[in-house]
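Single-structure report; data block below.
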Amino acid sequence: MSTADPTTVRPDSPELADSAASAATAYVHVPFCARVCPYCDFAVVAGRDELMGRYTRALAAEVGMARDWRPLDALYFGGGTPSRFGSQRLAGVVEAIRRRFQLAPGAEVTLEANPEDWTPQLAAELVAAGFTRVSFGAQSFSTPVLLALGRRHLPPDVIAAVTAARTEGFASINLDLIFGTPGETIESWRETVEAAIALEVDHVSCYALTVEKGTPLSRAVARGAPAPDPDLQADQYELAAELLAAAGYVRYEVSNWARPGHACLYNLAVWAQGEYEAFGNGAHGFRHGARFRNIRRLDAYLQRVEEGELPRAGEEPVSGWDAELDRMFVGLRRAAGVADGPGVEAFLGSEEGRRLLELGVVEHARGRLRVTQPLLTDAVERAVLSLTPRGP
Amino acid sequence: MTPQARIRNFSIIAHIDHGKSTLADRLLERTGAISEREMREQVLDSMDLERERGITIKAQTVRLHYTAADGQDYVLNLIDTPGHVDFSYEVSRSLAACEGALLLVDAAQGVQAQTLANAYLAIEGGLEIIPALNKIDLPAADPDRVAEEVASVIGGEPEEVLLLSAKTGEGVDELLERIVSDVPPPAGDPEAPLRALVFDSYYDAYRGVVCYIRVVDGVLAAGERVRFIATGDEQDADEIGFLTPKAVPAASLGPGEVGYLITGEKEIDKIKVGDTVTTARRGAVEPLPGYAEPKPMVYSGIFPTEGDDFEDLREALEKLSLNDASLVWEPETSKALGFGFRCGFLGLLHMEIVRERLEREYGLDLVATAPSVAYRVTTTDGQELEVRSPQDLPEPAKIAEIAEPYVRAMILTPAEYVGTIMELVQSRRGEMGSMNYVGTERVEMDYQLPLAEVVFDFFDQLKSRTRGYASLDYEPAGYRPSDLVKVDVLLNGQPVDAFSSIVHRDKAYEYGKRMVERLRELIPRQLFDVPIQAAIGGRIIARETVKARRKDVLAKCYGGDVTRKKKLLERQKEGKRRMKMVGSVEVPQEAFVEALRVDR
Ligand SMILES: Nc1nc2c(ncn2[C@@H]2O[C@H](COP(=O)(O)OP(=O)(O)OP(=O)(O)O)[C@@H](O)[C@H]2O)c(=O)[nH]1
Ligand SMILES: C[S@@+](CC[C@H](N)C(=O)[O-])C[C@H]1O[C@@H](n2cnc3c(N)ncnc32)[C@H](O)[C@@H]1O
Ligand code: SF4
Ligand SMILES: [Mg+2]
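Residue numbers (our numbering), protein chains in the order written: chain Y, 1 to 392; chain B, 1001 to 1600.
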C-alpha cells in the first residue's frame, strides 16, 4: 500500500480515501460479552465463555481455509468484546493470520475493548502480540447515561484505560461515543465530547443511539419508554462536529473523526470498496468480487467450521452496474465522497439526484460527488439504489 | 322448466347485521342446497371483502328445492341482500325480481332505520311481506315489544310475526311453509314473447359478461338468439342455467324463473343492468320497466399512483361497473394527481369498497381524493353548472348562486336521546320536520339537512351520542341556495387542487385551521421546510409548517454489513412508493382522503 506520509495526511483527503481501495484487510469477530447491552444487535453472546477455546480453534481453522492473499495491511478485531477474550487467544489468532497471509510492515492491528476490562498488563501483552490500535467503547462520560445504556463501566475507567493504552505503546486510540440516549441533554453531551477531547485521543466515533429491531430497547420503546429524539440527535451531532473540528479532528466519515495520520485504515478500505476477509460468527466480508456473510448463530458457526466447511450464510457476487452502485453506496459515507464514474453520471442525470444537488445535500466538484449534509446521507443512498445505467 | 305455481321468488331484507345472510345459511342447509362440507358461516358472502368485514355488499341469488308439508315440490329463489344504506340499490334491484320479501328484524335491537326504508321499498314494489324476528335466542331479545313495533310499521297483527333464530335454526321450518303459503307465485305469460330482466351481471375473464336474469314472460331456451332491447345487442344464449349456488346449466328458463345467461359478449358496454332480454326473432318490443338510475351521493377522484396505469384503471372501472350498477364515473384531470376518474358513489362505505375492489380485483395502486357532494352553480352569465369536484368551482366573481343538495333524513331512536340528537342536527344546519312514535319507546325523527353535513361523519356522531342505539336513513330532497366558499390548500406555496373543498362560510375558518393541522401530521418531514396554508380566494386563513427532516442516516459502526444496510434502505424506498410527488413535496396517498376526513 502506498500513501503519502501517514502522519500528516488529512483523514478526509480524496487520495487517502481512494488509495485505501487497494489495501488488503481482514475482520475478526469475537462475540463474547459479559452481558448483552439492551440496545445492541450485534452477533453477541453472554454467559457462553466456556466456548472461547473452541471458538479460538474455529477461527484458526477458518483462517486456514481462506484463499491465499498478499500480506495484510490492516486487521480489525470487533465484537462483541474482544478485550474479554484474553491476550493469549487474541495473540493466537493474530499468529494464525500471520501464518496464513503475513502482516505487511507497519500493519494496523485494531481491537475493540470495553474500558472495564482494560489493565496495563493486558495492554502490554496486546502490544507484544502486534496490536497497534485500540477502540474503547466509552459511550459517554455521564454516569446517568452509562447507567441508562446498561453499561458496566464508569467515566474514570475510560480515563484509566486510555492512559494505560498510551503508556504501553498503542499508536492510535479511539473512543466510541453514543449520543441521543433518552434523558441525555445537549449540555451533558457537550461534557462528554469535551472529556474525550481532553483525553487527547487520536480518533473519535460518535454514533446516534439507534433503536434496533428485536432488542430489549426496542421492546421498551414499543411499550412506551422514551425513544431517542431525532431533532435533539441532530443538534448533538452538529455540536460534536463543531467541538471536534475546533480541537483539530477531521471528520472523514459520517460518524468518524480523526487527527491527521490517524484515520482507521481498515475502515477506509471498507468504504473504498476494498476487499476484506472476515472470520468468526456473523462476520461479513468482501472477497473475489463477492460480499459474503458468515452464520450468525455461534453454535451453528462452530459446528460448521468443525465439520471442515466454510461457515457461509450467504454470498452475493457484485459486478457490473451493481458494483458501481455498491462503490457509491459505501463511498458516499466518506467526507471525501466518490470519484466520478458512470454511477455519478447517472445520479447527476436523475430527477432525485438533481433535487438533492439543488437542495445542497450533495455537491459535485473537482471530479467528485460528496454528501455535504452527513445527517442526510441515507436520503442520498436511497437515491443511489434507484439508479439505472441510463439516468433515472 | 318449473310451473309457475311451484315457484316462489323472495328477497331477505333487513337493517344491517340483523342476520339475513345467517338465515340464508339455514335455508340452504335445510333444503340441502349445500353439503355440510361446503358450509361455512354466511356462505353467500363470497367476496373476500365481505368476509373480512362481516357484511354483505352484493346481493346473492340462489335456487332452493323444497318439499312442502302439502307433499309438493317447490322451487324457491332466494336473494340475500345487503343491509347497509350505501347498498340499498342492490335491494331495490333484487326486489324487482321477486314477488315476496322476508322482512327480518333483530329481536333485541328492534326496528331500525333500514328496516323501515327497505320495508317501504317492498311495499312500494307491491311485494308480499313476511315479517319475522330473528335472534330470539339472545338473552336481550324482547320479541313482544319488537313484534308490536313491526306490526305498527307494516300493519297487521303482532301475532303474525314469525319468531326465528338463524343461529339455532328455530322457526326455520315454519318460515319455509310461510314462504310457500304467503308469497304469491309468479304470474307471467308463458305464451308471450320472451321478456327477462337483467338484474345483475359480472365480467368473467374467460366467458365474458355473465347476466343474472329473471324471466317475466315467455321462455328462454339454450342456444337461442337473443336481443338486449335497450342496447340492441344480439347474441346467442351460449349457456343458461340456475345458481344453486353453483352455476348449473339448464335447457330452458320459463316464466318466473331466476338464473344466469352467458352469451360470450366481451364488449362490456353492450350489457346494461336493468335491460330486458328478448328473443331476436318475434321478440318483445316493449321492455320491462327496468330501474331508475341511482343518484350518486358523493363524488371522489380516483387516480392511478403510476400515471401509465390510467388505461388499466378505465378497463377496471368498466368491468367493475357491470357488477356494481350504482357506480358512475367520468374522466377527470388534476394538476396534482394527473389523469384519473371522477366517480360517484352512494356513500362513503361504497366509495371505500369500490376503491378496494379496484385495487384487489384488478391489481391497481390508487390514490383517492376526499369525497365531495355535487353543487349546483348559477354563473353570472346565467349558465347552470353541476360541480362535482371543488376544483371545478368557478371563481367567486363569476358565481351568481351556489346551491347544495339536501336530504330528508330519518332517524330512529329511543326517546331518551331526542335532546342530544336535536343538538347534533342543529349544529349541522338541519331543520326539524315531524316526530312520531314507533311502538311506545322509540321515536322517528324527520329532518331536512344539507347532504354534505350528513354524508361524512354524521353517522359516527349519531352513534356515539346515542350509545349506538339510533339509526339513520336518508334520501335526496332537492337543492337549496347556500353561502358556500371554496377553501384551497397550498403546499410549499403551490395550490393543490386535490385538497380543495367547498364549505359553508361560517365554518370555513375553523375548517381551514383543522385542515392544515391535520396535513401537518399526515405529511412526513421532507428535506426542507414545507409550509401548509389554507386560503379562501387568495386570502390565507391558516398556516402550519412541516419542519425539515434533519436526520436521515443510520449510525452503523465500522464497515457495516453492506448487504443488510442496502436491504434496509430498499425497504424504506418501497415505503416511499406509497407517496405521490406533489410539486417537490412527497405526500402519502392516504393523505388525500384522510386530510379531509375532519368533521365539519
Ligand atoms: N345470537 C344470534 N346471532 C345471530 C343470529 N343471526 C345472525 N346472528 C349474528 O349476527 C351477525 C350478523 O349476521 P349476518 O347474517 O352477517 O347479518 P346480515 O343481516 O346478513 O348483515 P348485512 O348483510 O351486512 O346487512 C353475525 O355475527 C351473526 O352470527 C341469531 O339468530 N342469533
Ligand atoms: C461493535 S460495537 C461493540 C464494542 C464494545 N463491545 C462496546 O460495547 O463498547 C461498536 C460500537 O457500536 C456502537 N453501538 C452499538 N450499538 C449501538 C446502537 N444501538 N446505536 C448506536 N451505536 C451503537 C457503540 O458505540 C459501540 O462501542
Ligand atoms: S454493546 Fe458491546 S458490550 Fe454491549 S453487548 Fe454489544 S458488543 Fe457487547
Ligand atoms: Mg348479509
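Ideal Cβ positions, reconstructed from N, Cα and C, are used throughout, including at glycine.
Item checked: Whole beta strand (DSSP E) elements within the region 1056 to 1089 of chain B, 3-residue minimum -> 1060 to 1067, 1073 to 1080
Next item on the list: Please go through the same chain and pick out, in chain order, the residues whose beta-carbon is closer than 6 Å to the beta-carbon of Y/Ile197, but skip the five residues on each side of it.
Entry: Ala247
Check: Going along the chain, which residues of its own chain have a beta-carbon closer than 7 Å to the beta-carbon of B/Arg1378, five neighbours each way excluded?
Finding: Reading the sequence as shown, one finds Thr at residue 1378 of chain B and not Arg. Answer for B/Thr1378: Glu1384, Ala1400, Glu1401, listed in chain order.
Next item on the list: Using the Cα positions of B/Val1455 and B/Pro1193, report the straight-line distance between them to the nearest angstrom.
Entry: 45 Å
Check: So, does the CB of B/Val1553 fall closer than 8 Å to a CB anywhere in chain C?
Finding: Here chain C cannot be found, since the structure's protein chains are Y and B.
Notebook entry, point to check: Taking B/Val1373 as the reference, which of B/Ala1151, B/Ala1591, B/Ser1501, B/Arg1227 has the closest Cα?
Noted result: B/Ser1501
Next item on the list: Check whether the Cβ of Y/Ala208 sits closer than 7 Å to any heavy atom of ligand 2, and report yes or no.
Entry: yes
Next item on the list: Spatial neighbours of B/Tyr1558 within its chain, please: CB distance less than 6 Å, with the 5 preceding and 5 following residues excluded, ordered by chain position.
Entry: Its pLDDT being 44, under 50, B/Tyr1558 is placed unreliably in this model, and the coordinates cannot settle the point.
Note to self: Quick check: is any heavy atom of ligand 2 less than 7 Å from the C-beta of B/Arg1060?
What the structure shows: Residue 1060 of chain B is actually Gln in this sequence, not Arg. Checking every heavy atom of ligand 2 against the Cβ of B/Gln1060, none is found closer than 7 Å.
Item checked: Which listed residue (B/Ala1014, B/Ala1140, B/Leu1133, B/Ala1534) has its alpha carbon closest to that of B/Val1161 -> Measuring C-alpha to C-alpha distances from B/Val1161 to each of B/Ala1014, B/Ala1140, B/Leu1133, B/Ala1534 identifies B/Leu1133 as the nearest.
Item checked: Nearest-angstrom beta carbon gap, Y/Thr8 and Y/Leu72 [assumed within contact, 8 Å] -> Wrong, their Cβ atoms sit about 24 Å apart, outside the cutoff.
Note to self: For B/Pro1396, report the span of its alpha helix (DSSP H) as first-last.
What the structure shows: Segment: none, B/Pro1396 is in no alpha helix (DSSP H) and carries neither H nor E.
Next item on the list: Report the rounded CA-to-CA distance for Y/Gly274 versus B/Gly1538, giving the unit in angstroms.
Entry: 58 Å
Notebook entry, point to check: Apart from the five residues on each side of it in sequence, which residues of its chain come closer than 6 Å, Cβ to Cβ, to B/Phe1528?
Noted result: Ala1548
Item checked: Alpha-carbon spacing of Y/Gly349 relative to Y/Leu243, whole angstroms -> Looking at the two C-alpha atoms, the distance is approximately 37 Å.
Margin query: Would the region 1276 to 1287 of chain B count as touching the region 1220 to 1236 of chain B if we require 3 or more Cβ pairs under 8 Å?
Written below: yes
Note to self: Please give me, in chain order, every unbroken run of the beta strand (DSSP E) with length at least 3 that falls completely inside the region 1232 to 1285 of chain B.
What the structure shows: 1234 to 1236, 1239 to 1243, 1247 to 1250, 1258 to 1262, 1276 to 1279
Next item on the list: Express the C-alpha separation of B/Gln1114 and B/Gly1156 in angstroms, rounding to a whole number.
Entry: 20 Å
Next item on the list: Give the DSSP-derived three-state secondary structure of B/Phe1339 in the structure shown.
Entry: strand
Check: Taking Cβ to Cβ, would you say B/Gly1340 is nearer than 8 Å to B/Gly1301?
Finding: yes
Notebook entry, point to check: Quick one: what does DSSP say B/Tyr1558 is sitting in, helix, strand or coil?
Noted result: In this predicted model, B/Tyr1558 has a pLDDT of only 44, less than 50, meaning its place in the structure is not dependable enough to derive any value.
Notebook entry, point to check: Under a criterion of Cβ closer than 7 Å to any non-hydrogen atom of ligand 4, which residues qualify, in chain order?
Noted result: B/Lys1020, B/Ser1021, B/Gln1042, B/Asp1045, B/Ile1055, B/Thr1056, B/Asp1080, B/Pro1082, B/Gly1083
Notebook entry, point to check: So, is B/Asn1436 buried or exposed, given that buried needs 16 or more other C-beta atoms within 10 angstroms?
Noted result: exposed
Notebook entry, point to check: So which residues of chain B does Y/Gln233 contact, with C-beta pairs closer than 7 Å?
Noted result: Lys1551
Notebook entry, point to check: Under the criterion of a Cβ to heavy atom distance below 7 Å, does Y/Gly80 qualify as lining ligand 3?
Noted result: yes
Next item on the list: Please go through the same chain and pick out, in chain order, the residues whose beta-carbon is closer than 6 Å to the beta-carbon of Y/Ala240, but skip the five residues on each side of it.
Entry: Val193, Cys206
Margin query: Taking beta-carbon pairs under 8 Å, can you tell me which members of the region 1566 to 1582 of chain B lie near chain Y?
Written below: Taking 8 Å as the Cβ-Cβ cut-off, the region 1566 to 1582 of chain B approaches chain Y at Lys1566, Leu1569, Glu1570, Gln1572, Lys1573, Lys1576, given in chain order.
Check: Would you say the beta carbon of Y/Gln139 comes nearer than 7 Å to a heavy atom of ligand 2?
Finding: The closest heavy atom of ligand 2 lies less than 7 Å from the beta carbon of Y/Gln139.
Note to self: Let me check you understand the geometry: is the CB of Y/Val211 closer than 7 Å to at least one non-hydrogen atom of ligand 3?
What the structure shows: no
Margin query: Relative to the C-alpha of Y/Gly130, which candidate in Y/Arg89, Y/Val158, Y/Gly180, Y/Ala160 has its C-alpha closest?
Written below: The candidate whose alpha carbon is nearest that of Y/Gly130 is Y/Arg89.
Margin query: Please state the DSSP three-state secondary structure of B/Ile1619.
Written below: Beyond the ends of chain B as shown, which are 1001 and 1600, falls residue 1619 of chain B; an answer cannot be given.
Check: Using the beta-carbon count (16 or more within 10 Å), is B/Leu1027 buried or exposed?
Finding: buried
Check: Could you give the distance in angstroms between the alpha-carbon of Y/Glu50 and the alpha-carbon of Y/Val361?
Finding: 50 Å
Next item on the list: Pull up the distance between the alpha-carbon of Y/Glu125 and that of Y/Val63, whole angstroms please.
Entry: Distance from the CA of Y/Glu125 to the CA of Y/Val63, rounded to the nearest whole angstrom, comes to 22 Å.
Check: Does the beta carbon of Y/Glu15 sit closer than 8 Å to a beta carbon anywhere in chain B?
Finding: no
Notebook entry, point to check: Around the C-beta of B/His1065, are 16 or more other C-beta atoms found within 10 angstroms, so that it is buried, or is it exposed?
Noted result: Counting the other Cβ atoms within 10 Å of the Cβ of B/His1065 gives fewer than 16, which makes it exposed.
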